[in-house]
Each structure stands twice: as structure tokens, then as C-alpha cells.
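Trainee: Submitted below is the structure of interest, expressed as C-alpha cells.
Protein chains: 2
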Amino acid sequence: MSEICLAGTGGMLPLKNRFLTSLYAEYNGKAILIDCGECTQVALAQHGIKISRIEIILITHSHADHITGLPGLLLSIGNCSRTEPLDIYVPDSAEKMIRNLISVCGQLPYEVNIHTLPDDIPTTFTADKVDSMLTVSTLPLVHSVNCIGYRLTQAKKPVFAPDRAKSLEIPVKYWKVLHSGGTVTLDDGRTFKPSDVVKENRPPVTVTYVTDTLPIPSIVDFARGSDLLICEGMYGDLSKKQSMNDKGHMLMQDACIIAKDADVKKLWLTHYSPAESEPETYYDTLHEIFPEVTISHDGEKTVL
Amino acid sequence: MSEICLAGTGGMLPLKNRFLTSLYAEYNGKAILIDCGECTQVALAQHGIKISRIEIILITHSHADHITGLPGLLLSIGNCSRTEPLDIYVPDSAEKMIRNLISVCGQLPYEVNIHTLPDDIPTTFTADKVDSMLTVSTLPLVHSVNCIGYRLTQAKKPVFAPDRAKSLEIPVKYWKVLHSGGTVTLDDGRTFKPSDVVKENRPPVTVTYVTDTLPIPSIVDFARGSDLLICEGMYGDLSKKQSMNDKGHMLMQDACIIAKDADVKKLWLTHYSPAESEPETYYDTLHEIFPEVTISHDGEKTVL
Numbered sequence: 122m123s124e125i126c127l128a129g130t131g132g133m134l135p136l137k138n139r140f141l142t143s144l145y146a147e148y149n150g151k152a153i154l155i156d157c158g159e160c161t162q163v164a165l166a167q168h169g170i171k172i173s174r175i176e177i178i179l180i181t182h183s184h185a186d187h188i189t190g191l192p193g194l195l196l197s198i199g200n201c202s203r204t205e206p207l208d209i210y211v212p213d214s215a216e217k218m219i220r221n222l223i224s225v226c227g228q229l230p231y232e233v234n235i236h237t238l239p240d241d242i243p244t245t246f247t248a249d250k251v252d253s254m255l256t257v258s259t260l261p262l263v264h265s266v267n268c269i270g271y272r273l274t275q276a277k278k279p280v281f282a283p284d285r286a287k288s289l290e291i292p293v294k295y296w297k298v299l300h301s302g303g304t305v306t307l308d309d310g311r312t313f314k315p316s317d318v319v320k321e322n323r324p325p326v327t328v329t330y331v332t333d334t335l336p337i338p339s340i341v342d343f344a345r346g347s348d349l350l351i352c353e354g355m356y357g358d359l360s361k362k363q364s365m366n367d368k369g370h371m372l373m374q375d376a377c378i379i380a381k382d383a384d385v386k387k388l389w390l391t392h393y394s395p396a397e398s399e400p401e402t403y404y405d406t407l408h409e410i411f412p413e414v415t416i417s418h419d420g421e422k423t424v425l
Numbered sequence: 122m123s124e125i126c127l128a129g130t131g132g133m134l135p136l137k138n139r140f141l142t143s144l145y146a147e148y149n150g151k152a153i154l155i156d157c158g159e160c161t162q163v164a165l166a167q168h169g170i171k172i173s174r175i176e177i178i179l180i181t182h183s184h185a186d187h188i189t190g191l192p193g194l195l196l197s198i199g200n201c202s203r204t205e206p207l208d209i210y211v212p213d214s215a216e217k218m219i220r221n222l223i224s225v226c227g228q229l230p231y232e233v234n235i236h237t238l239p240d241d242i243p244t245t246f247t248a249d250k251v252d253s254m255l256t257v258s259t260l261p262l263v264h265s266v267n268c269i270g271y272r273l274t275q276a277k278k279p280v281f282a283p284d285r286a287k288s289l290e291i292p293v294k295y296w297k298v299l300h301s302g303g304t305v306t307l308d309d310g311r312t313f314k315p316s317d318v319v320k321e322n323r324p325p326v327t328v329t330y331v332t333d334t335l336p337i338p339s340i341v342d343f344a345r346g347s348d349l350l351i352c353e354g355m356y357g358d359l360s361k362k363q364s365m366n367d368k369g370h371m372l373m374q375d376a377c378i379i380a381k382d383a384d385v386k387k388l389w390l391t392h393y394s395p396a397e398s399e400p401e402t403y404y405d406t407l408h409e410i411f412p413e414v415t416i417s418h419d420g421e422k423t424v425l
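Next comes the structure, spelled out in C-alpha cells:
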């Protein structure tokens, strides 16, 4: 089970009524945070989130509105008595900037491991510090600096069939092993494998996070079939399209078209321009393109 | 005239109901900001302050809760179409950290001039970018890193006496010159100096800002006679005194004793520990030591 909270929905600068875009995804008590602009720790606190649960921070790119909350958050996590290492994943090109930035923290009571991710080719790694069945995939995006999108995929165990296990007279103490993918040999010599005691497979739960970027075609494949796509939409005003694209951003309408083409279940828009004070204005237009669109507000939550 | 706003009153980390300590002082439309922790720009916006008026930023020390809002603030000031240079004054020892930090901003549309101030000896300079009659004095404090206090002194023109000017038959067009300290020679050969047309001198208006530090005796002389002393008070609980002092901080009671000894007109407490959720609890005790104490809240304002 994952608990998702979009802590903020703004782009460029934090406003008094809208913090910067940052995603908190918790998997059974351990969490990933994507991006950490100024005030993200305050946004998290406002939405009742315990920062002590954050094990991994993923950074999309080096722009200030996605990273300058890092020193404060790391220090505050230190105040929560953390001593275990914390992992931060950053695009290759952002590493120096991030190291400079967090040097402000001085000596933390825990280790910060910075891992770099390729800017130019997709990659995938397991986020087993958070959940052994969770993988993170990346996609190079197209912005004014190198930027990457993230896809969080939590595999699900297949459905267990206790009736089959009972009929096979497998003692209950072995059920968990078999359900988790292990093989069991009983004292009577019989051997069982998972397929003996599970029913249908369950699809993974996927959350895709894409900001800041042009609406490039590769996002469609990357986001395909996601349970939730969180995607930037700087403006809803079509007249802004060219100037947005020039800056490496997309419109809300672009995000809806991607969501539709990628056949995602839900789309949450985010990263609104500070000049876009009422993104709800565009609801009817956006809903027509992709009915499952949410014009997110800070603190948008769901359980997947 | 100066308009003072204590944008935040917290120490260590920004809370959902208390931002970090930062002082905004505006003199006839141009302003000084002292310290800029995470979320300071949001605090300023909440209190209706126009960041475009900031000409000078003074930094007390390099701890994150006093500086990590700088990149975001500088970028936001850039979004206000600023093109004139902006001055930041920092203690010598904080320069590298500040330069690292603001490198996150990339290319700003205006120049940022970083001036260093000695960590270990007091100094004074004129803040004429803000007001030609405004000076800034510093005091080395005692904290876990080098830290300095600031005293803002706005000199006042003496009171003009139009009856004297009239009786001397000085044309009105020369009054401003004389009031501003100039000497005037009329066509008829008579020469006048300011003392011919002014009455009593007016005392300067002074605001002193002191955080983070042990309650060292030199603060008393530094703050002496201030119209307003803004001073840290991490805790009101006397049992915290030793642990506070070990970290280079003081109690609210220490600040009240300094205010009393320095004979300041008013004291605003600030920089409360996140653990001090209700500083008002100590009002009676503090009022007994120094009756003109205010247990400040974010957005505390006055005009001096």
C-alpha cells in the first residue's frame, strides 16, 4: 500500500498560499520524497507528514525551486534523532550544486549518500530501503537544464489461495515463505513452489512524476498505464504555449493529452506558475481532454 | 520614519505556524532585511511586504536557519524586474558559505555585491543606498560559529524653525538646504548656516538586532538606549539555561535583563526554540524584569 501526498503544487517560487511542488510517497511506514524546494518541510508538516519516515530523496534537476529546501529538511531530519544513512538520488549534472547546497548543514548526525543518475539515458534501481518490491525508473526530460522524471513501481505479491494450501496439507508456518516467492520442502519430502498456492498475479502500483519539461513523446511510454501521473502544467492559457515551451515547460492541456495517450488511471496537475492564481478556471477544458484530471491543491492525498 | 516588521520569530527550523527570525526595516520606501532563513520570502509576502524594496541584506552568521532562504529570495527579487545591484553584508567567516549557497541562483538579472564584515571587531558603515542618514553598526557576538549583531541608526534632522527663517527674510527656496545642513549665501551678501534656522536636535532612531549569542556584557553597551531591541530568547524555562548557554544561546530572561540594563525603550523577543510552543506562558515573569517586553509573533510591526 502506498500513501501519496503532493505537498505543494507551485512552480518557480513559494507563495503564501501555495508551496513548491514536492511529492511524498510512503510505503508501509517508509517514504520517498521527490524534490525539495524552499518550504517543503513546512508543507509536509502542514499535511501531517512525519519527515522521520523519509529514507530516499529523489531530485529531478538543479533549479532552486526543486532543491533549496534540502538543507533545512536534512537538518530537521537530524533533529528527529536519525542516525541511519539517508540516500539522495540526483541527476549527474546536479551533483555539484547539491553538494554545495547541503554543505550549509555542516555535520549531520547521520550520513547522506548522494547517488548520481544518468542525465541522458533511462535507468532503473531498486528502492529496497523503502520497500523490497519497489523500483524507481527514470526518464531524461527536456528542460533548460538536464532534468529527469521518476516512475515508482511497487510490485504486488500474487493473491494467496489458502484453500489450495490447506488441501495440499501445507502447514501454515510455510505459507508466508511460499507467498513471498520461496520454495519449501516438508519433512515428508514433498516440495512446493509459489505457483502451487497462489491465484492470479496482481499488477504493480505505479506513480509517475514528471516536471519540468517540454511535452516530449517519450513521456507517454514512460507513464503508460500508471495508477497516478503527476505532471506539470504551468498555465492553462493557450496563448502561453510558445513562451512556456521556450522555457522548457508545458501547458495543463499538454499534460492532459499525455495522460490520455498514456492511458493512465488518474492525472494530478501541479507546478503552476505563480501568475496562474486560479488554475481551476480551466477545469472544463481539461476534463474534456482527460476526464480523470485533478487540478491539485497543496496536500492532495490518495492511497494506492 | 522607519517601518519595522519582524517577519518570523522562530529559531532552528521553520514551523507550520512560525517562520524563522528575520527583520525587515523600511526607510521611506527602501529597505534592509536582516537574516533570511528558509521561507522568509513567504513570511514577507504574508505580511504584505514588497521584496522589491530590499536594497541591503545583512546576515548575522552562516547557520542554515539564517541563510537558506537567500537563493529563493534573490530569484524572486529578480522576478520583480530588479536590475540595480543589491548588497549583502556577511561576516568574514560566512562568505564562502553564502557564495556557495547563492550559486544555486545561476545568472540573476542584477548584480549581487557581497561585502564582508569583520567577525571579531565592531565596525560601522553608512547604508546610504537605503537612507543617507542611516548607519549600520556591528558587534561580534559569542555563538557556536562567528556571529554579529546589528544596530541600525537613523539620524534625524533637527527641528526646523520657519518663524526664524521668516524673520531673517530667508527665501523659502533655501530652507531645505539649510535644514539639510548646508550653508547659504543670498544675493544681498548675507550668509546663513543651519544653526540660524533650526531649533533643538532630535535624537536618532535606533533598532538593535541580536541573535544568536550568549548574553555577553558587550550587548548592553551596543543596545544602549535603542528605541527597539530585538533579541533572541530561545526558552523561558530556567532549567534550560545551561544547555542553552552550551549552544551559544540565551534565555528570554537574559534578554530582558539586557534590555533593562541597556535602558532600551522596547524589547521584542524572538528566535524561540521549536520546542517552546507557547512562549507567552512566561509573560508575567518577563514583564516583571522588563515591563516593555513583547513576546513577539510573526509579523510584529511598528513604526519608529
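Going line by line, the protein sequences match chains A and B.
The number in the numbering used here is simply the position in the first sequence, starting from 1, with 121 added.
The number in the numbering used here is simply the position in the second sequence, starting from 1, with 121 added.
Glycine included, C-beta positions come from ideal geometry on N, C-alpha and C.
Keep in mind that this is a model prediction, so the values were computed, not measured.
Can you name the residues of chain B whose CB is closer than 8 Å to the CB of Pro-283(A)?
Mentor: Going along chain B, no residue has its Cβ under 8 Å from Pro-283(A), so there is no contact; the nearest lies around 46 Å.
Trainee: Tell me the DSSP secondary structure of Lys-294(A) in three-state form.
Mentor: Note: Lys-294(A) maps to helix in three-state DSSP.
Trainee: Looking only at its chain, what residues have a beta carbon closer than 7 Å to the beta carbon of Phe-343(A), apart from the 5 residues adjacent to it on each side?
Mentor: So the qualifying residues of the chain are Leu-260, Gly-270, Arg-272 and Thr-329.
Trainee: Rank Lys-314(A), Ile-209(A), Pro-325(A) and Gly-357(A) by C-alpha distance to the C-alpha of Leu-349(A) and give the top, closest one.
Mentor: Measuring from the Cα of Leu-349(A), the nearest candidate turns out to be Pro-325(A).
Trainee: Would you mind listing the alpha helix (DSSP H) stretches within the segment 151 to 226 of chain A that are 4+ residues and don't spill past its ends, in chain order?
Mentor: Counting whole runs of 4 or more residues, the segment 151 to 226 of chain A contains the alpha helix (DSSP H) stretches 161 to 167, 185 to 188, 191 to 200 and 216 to 223.
Trainee: Threshold first: 3 residues or longer. Then list the beta strand (DSSP E) segments lying entirely within the segment 344 to 418 of chain A, N to C.
Mentor: Fully enclosed beta strand (DSSP E) runs of 3 or longer: 349 to 353, 387 to 391 and 414 to 416.
Trainee: Cβ closer than 8 Å: which chain A residues qualify as neighbours of Pro-135(B)?
Mentor: In chain order: Cys-160, Gln-162, Val-163 and Gly-193.
Trainee: Are Cys-126(A) and Lys-422(A) closer than 8 Å when you measure CB to CB?
Mentor: Yes, Cβ-Cβ distance for Cys-126(A) and Lys-422(A) is below 8 Å.
Trainee: Does any residue of chain A bring its CB to less than 8 Å from the CB of Ile-188(B)?
Mentor: By this cut-off, Ile-188(B) is an interface position.
Trainee: Could you pull the start and end residues of the alpha helix (DSSP H) that Ser-143(A) belongs to?
Mentor: It is not in any alpha helix (DSSP H) - Ser-143(A) instead sits in the beta strand (DSSP E) that spans 143 to 148.
Trainee: Please report the residue range of the beta strand (DSSP E) in which Lys-422(B) lies.
Mentor: Its beta strand (DSSP E) spans residues 421 to 424.
Trainee: Would you call the segment 128 to 148 of chain B and the segment 390 to 398 of chain B touching, i.e. three or more CB-CB distances under 8 Å?
Mentor: Judged by Cβ distances under 8 Å, the segment 128 to 148 of chain B makes contact with the segment 390 to 398 of chain B, as three or more pairs qualify.
Trainee: Show which residues of chain A have a CB atom less than 8 Å away from the CB atom of Ser-224(B).
Mentor: Those are Met-218 and Asn-221, listed as they occur along chain A.
Trainee: According to DSSP, is Val-266(B) helix, strand or coil?
Mentor: DSSP places Val-266(B) in coil when its eight states are reduced to three.
Trainee: I want to know whether the segment 298 to 316 of chain A touches the segment 331 to 341 of chain A - three or more CB-CB distances under 8 Å.
Mentor: Too few Cβ pairs lie closer than 8 Å, so no.
Trainee: Mind the definition here: the segment 238 to 253 of chain B touches the segment 278 to 294 of chain B only if three or more C-beta pairs lie below 8 Å; say whether that holds.
Mentor: No, they do not touch.
Trainee: Can you tell me the Cα-Cα spacing of Leu-194(B) and Asp-375(B), whole angstroms?
Mentor: Cα-Cα distance, rounded: 32 Å.
Trainee: DSSP state of Asp-340(B), grouped into three classes?
Mentor: At residue 340(B) the sequence reads Ile, which differs from the Asp that was named. DSSP places Ile-340(B) in helix when its eight states are reduced to three.
Trainee: Can you tell me where the alpha helix (DSSP H) with Ala-286(B) in it begins and where it stops?
Mentor: Counting along the chain, the alpha helix (DSSP H) containing Ala-286(B) begins and ends at 283 to 288.
Trainee: If we define contact as Cβ-Cβ less than 8 Å, is Asn-200(B) a contact residue for chain A?
Mentor: It does: the Cβ of Asn-200(B) has a partner Cβ on chain A nearer than 8 Å.
Trainee: At 8 Å on the CB atoms, spell out the chain A contacts of Ala-166(B), in chain order.
Mentor: In chain order: Leu-136 and Lys-137.
Trainee: Determine the burial state of Leu-255(B): buried for a count of at least 16 other Cβ atoms within 10 Å of its Cβ, exposed for fewer.
Mentor: By the neighbour-count rule (16 or more Cβ atoms within 10 Å), Leu-255(B) is buried.
Trainee: Quick one: does Ser-417(A) have its CB under 8 Å from some CB of chain B?
Mentor: Judged by the 8 Å Cβ criterion, Ser-417(A) is not in contact with chain B.
Trainee: Apart from the five residues just before and just after Gly-190(A), which ones in its own chain have a Cβ nearer than 8 Å to its Cβ?
Mentor: Excluding sequence neighbours, Gly-190(A) sits near Leu-141, Ser-143, Cys-157, Gly-158, Glu-159, Cys-160, Thr-161 and Gln-162.
Trainee: Excluding the five sequence neighbours on either side, which residues of its own chain have a C-beta within less than 6 Å of the C-beta of Tyr-210(A), listed in chain order?
Mentor: Hits under 6 Å: Leu-179, His-236 and Leu-238.
Trainee: When the cut-off is 8 Å and only beta carbons count, does Ala-426(A) lie next to chain B?
Mentor: The structure shown has nothing for residue 426(A), since chain A only spans 122 to 425.
Trainee: Between Asp-444(B) and Lys-250(B), which are expected to be in contact by the criterion C-beta below 8 Å, what is the C-beta distance as a whole number of angstroms?
Mentor: Since the first residue shown for chain B is 122 and the last is 425, residue 444(B) is missing from the structure and cannot be characterised.
Trainee: Could you tell me whether the Cβ atoms of Ile-172(A) and Cys-201(A) are closer together than 8 Å?
Mentor: Going by C-beta atoms, Ile-172(A) is nearer than 8 Å to Cys-201(A).
Trainee: For Leu-196(B), which residues in chain A fall below 7 Å Cβ to Cβ?
Mentor: Here the neighbours are Leu-134 and Ala-185.
Trainee: In three-state DSSP terms, what is Pro-315(B)?
Mentor: The answer is helix: DSSP assigns Pro-315(B) an H, G or I state.
Trainee: Please state if the CB of Phe-411(B) and the CB of Lys-430(B) are separated by a distance shorter than 8 Å.
Mentor: Residue 430(B) cannot be examined here, being either before or after the span of chain B that is shown, 122 to 425.
Trainee: Tell me whether Leu-299(B) sits in a helix, a strand or coil according to DSSP, three-state version.
Mentor: Leu-299(B): helix per DSSP, three-state reduction.
Trainee: Since Glu-124(B) is in the beta strand (DSSP E), which residue starts that stretch and which ends it?
Mentor: Unbroken beta strand (DSSP E) run through Glu-124(B): 123 to 129.
Trainee: With 16 other CB atoms within 10 Å as the buried threshold, where does Arg-203(A) fall?
Mentor: Result: buried.
Trainee: How about Ala-383(A) and Arg-345(A): do their beta carbons lie closer than 8 Å?
Mentor: Against a cut-off of 8 Å, the Cβ pair of Arg-345(A) and Ala-383(A) comes out as a contact.
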